[in-house]
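Chemist: Mapping of the sequence shown onto our numbering: residues 832 to 1256, in sequence order. All C-beta atoms in this analysis are idealised placements derived from N, C-alpha and C, irrespective of residue type, glycine included. Mind looking over this structure? Questions follow.
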Amino acid sequence: MPNDPDTYLLYECSKKLAFTLRIKVQLDEPVDTGILNEVAQEAFGRFPYFRVKPGLDASQSYILMPNDKPLAVLPEEDRRIMLAGEEVNDHLFVITYKDDTIWFSGSHSLCGAFGIMFWVKTTLYLYMSKKYGPLKPPEDIKLPGTPVTEAETLFPDPDTLPKDEPMVRYEGGDCNLAIMRTLKHILNPFSTKDYYYEIEIPAGVFMKYATGIDASPNTVVVSMMYKAMSRFLKEKEGTFISGRVAADYRADIGADRSYRDLVRFIHVKYDWDMKDEPVSRLNLRTRGAFIKQNQPELSYERFRRITKMHSGIDAQPTLKEKRKYASKHSIYRTDPRDPFTVSYVGQIDYGEMEDHIKSVYTITDGDLMLEINALKESFHITYQLYGRDRKPLERFLEVLEGEKIPFRVSDMKVRYLPWVRLPEA
């Protein structure tokens, strides 16, 4: 691979599709900004692959150059921040704070929620250790002074992976029932703002319910979202409703400790005549789709598609043509189309830091998209929407109420996802 694999999603970035994410952590006390500023630099220094700035080389390819400037730690404001700009010292990451909450924002080109958690946990651990004294750390903590391992930065050679055909493929096709919502946003991103709601569910109640119907948090939420969408989307003859679930496949390709965003989607197709079935029965269909698509062969295939696209970008002679190629061959845009998406990073180990954490929410782009984080005492769902219409949220909350699962939901919040300033040819 001639270029840094962390650069390639940058070619797809624009004011319409920023490919950025935020991790919002609410603490049990107001943020001590003095301590946060101090430990932020030490923590960020542990991750040289994040401590970079974008540039262009002679072939008009994006590159990532070392950036020794301090990481920006800024007050949170009701606005978008421009990553890789002067305000953030050219970094692709930034920390903001307000009251008792810290936001960790970054470019999706370098990592996803799994990878950014390396940095989040290190920063929080240094912060809390300085504020409260010694704490038991998470087992996978990456502290300053510890080496960056080969496994942490591994990007496998696709030619070393098996080339066996998968036994089963998803053949559900596209579901276009919500396509106009998406097009309205993408074609004119300034016509409406992007919003989200925070939903908190007691972990004990939720897990008891899930295990009672032989489900996982993923399969439960996907099944509930289908039921909600069957009440929100309008039924048309010959159509169906499908959902997608983000599946981390790093382990399949031997890169389970890598910080990189290696995710594919599991797709679940539901017919309209299933809308009155109980969640327990819908869960069986969802689990079946998971079992059929949890094949390492599909992960190998996905990874080879990614690296093939990278080579295709490299082969283009100008930056404009590289960006055009990237948009037309994007694996994210060529996946089967589903109205809703669910992403769950799994149970994160925070060690004794969790005693001081009230909530963790992941904020990303997307419509009818649910991001799930879990603490020992509570699940935290970010329900993300384009536009002010609360009806999709209300239909989901109705399903929770029908299953007698208690919850708390926030007021509507603006996402304020960062944009990325990229060098021009």
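(1) How many whole angstroms separate the CB atoms of A915 and L902, which I take to be in contact at a CB cut-off of 8 Å?
(2) Give the straight-line distance between the Cα atoms of G1233 and R1136, rounded to the nearest whole angstrom.
(3) Which partner residues of R1239 appear in the DSSP bridge assignment?
(4) Counting along the chain, where does the alpha helix (DSSP H) carrying K1106 start and finish?
(5) Compute the Euclidean distance between the alpha carbons of M959 and V904, then round it to the nearest angstrom.
(6) For the region 1039–1100, list the alpha helix (DSSP H) runs that are entirely contained and at least 4 residues long, ordered along the chain.
(7) Note down, in chain order, each residue of its chain lying with its Cβ closer than 7 Å to the Cβ of S1158, except the 5 sequence neighbours on either side.
(8) In the DSSP assignment, find the alpha helix (DSSP H) that holds S936 and state where it starts and stops.
(9) Using C-beta distances below 6 Å, list every residue in its chain close to S1054, excluding the 5 sequence neighbours before and after it, in chain order.
(10) Once you ignore the five residues that flank S1241 on each side, which residues in its own chain have a CB closer than 7 Å to its CB?
(11) Do T851 and L1201 count as a contact pair if the criterion is CB distance below 7 Å?
(12) Just to confirm, are L1150 and Q872 a CB contact at a threshold of 7 Å?
(13) Evaluate contact between the region 1078–1097 and the region 1222–1229, counting only Cβ atoms and requiring at least three cross-stretch pairs below 8 Å.
(14) So, does the region 861–872 touch the region 1171–1188, judging by three or more C-beta pairs under 8 Å?
(15) Using the DSSP secondary-structure output, state which residues sit across from H1211 in a beta bridge.
(16) Between Y1026 and M1243, which are expected to be in contact by the criterion C-beta below 8 Å, what is the C-beta distance as a whole number of angstroms?
(17) Can you find the residues in the same chain that come closer than 8 Å, C-beta to C-beta, to A1034, ignoring five residues on each side of it along the sequence?
(18) Which of helix, strand or coil does DSSP assign to E843?
(19) Look at the alpha carbon of I1032 and the alpha carbon of L1231, and state the distance between them as a whole number of angstroms.
(20) Counting only the same chain and skipping the five closest in sequence on each side, list residues whose C-beta sits under 7 Å from that of L985.
(21) R1168 to A982, Cα distance in whole Å?
(22) Quick one: using the 10 Å Cβ neighbour count with 16 as the cut-off for buried, is D1274 buried or exposed?
(23) Please go through the region 1100–1183 and give each complete beta strand (DSSP E) segment of 3 or more residues, from N-terminal end onward.
(24) In whole angstroms, what separates the C-alpha of M1140 from that of P1148?
(25) Terminal residues of the continuous beta strand (DSSP E) containing L923?
(26) Let me know the secondary structure DSSP gives S960 once reduced to three states.
(27) Start and end of the alpha helix (DSSP H) containing V1284?
(28) Assign I972 to buried or exposed, taking buried as 16 or more other Cβ atoms, counted over all protein chains shown, within 10 Å of its Cβ.
(29) Can you tell which of K962, S940, R1226, Y880 has its C-alpha closest to the C-alpha of S1161?
(30) Thinking C-alpha only, which one of E918, E860, Q857 is nearest R817?
(31) Which same chain residues, not among the five before or five after P861, have their C-beta less than 8 Å away from its C-beta?
(32) Give every residue of the same chain whose Cβ lies closer than 8 Å to the Cβ of R1164, excluding the five residues on either side of it in the sequence, and list them in chain order.
(33) Between the alpha carbons of P1254 and L887, how many angstroms are there, rounded?
(34) Would you report the Cα separation of W1250 and G1043, rounded to the nearest angstrom?
(35) Indicate the three-state DSSP secondary structure (helix, strand or coil) for D990 in the structure shown.
Modeler: Here's the rundown:
(1) Going by Cβ atoms, the distance from A915 to L902 rounds to 13 Å, so no, they are not a contact pair.
(2) 42 Å
(3) E1031
(4) Careful: K1106 lies outside any alpha helix (DSSP H) and carries neither H nor E.
(5) 17 Å
(6) 1048–1063
(7) E843
(8) Where S936 is concerned, there is no enclosing alpha helix (DSSP H), although the beta strand (DSSP E) it sits in stretches over 932–938.
(9) V1110, L1113, N1114, T1117
(10) Y1028, E1029
(11) no
(12) no
(13) no
(14) no
(15) E1031, N1204
(16) 5 Å
(17) A1205, L1206, K1207, E1208, S1209, F1210
(18) helix
(19) 10 Å
(20) A1086, S1089
(21) 33 Å
(22) Only positions 832 to 1256 of the chain appear in this structure, which leaves residue 1274 out of reach.
(23) 1171–1178
(24) 15 Å
(25) Unbroken run through L923: none, as it is neither H nor E.
(26) helix
(27) Nothing in the structure corresponds to residue 1284, since the chain is present only between 832 and 1256.
(28) buried
(29) S940
(30) Since the first residue shown for the chain is 832 and the last is 1256, residue 817 is missing from the structure and cannot be characterised.
(31) D930, D931
(32) S1158
(33) 7 Å
(34) 43 Å
(35) helix
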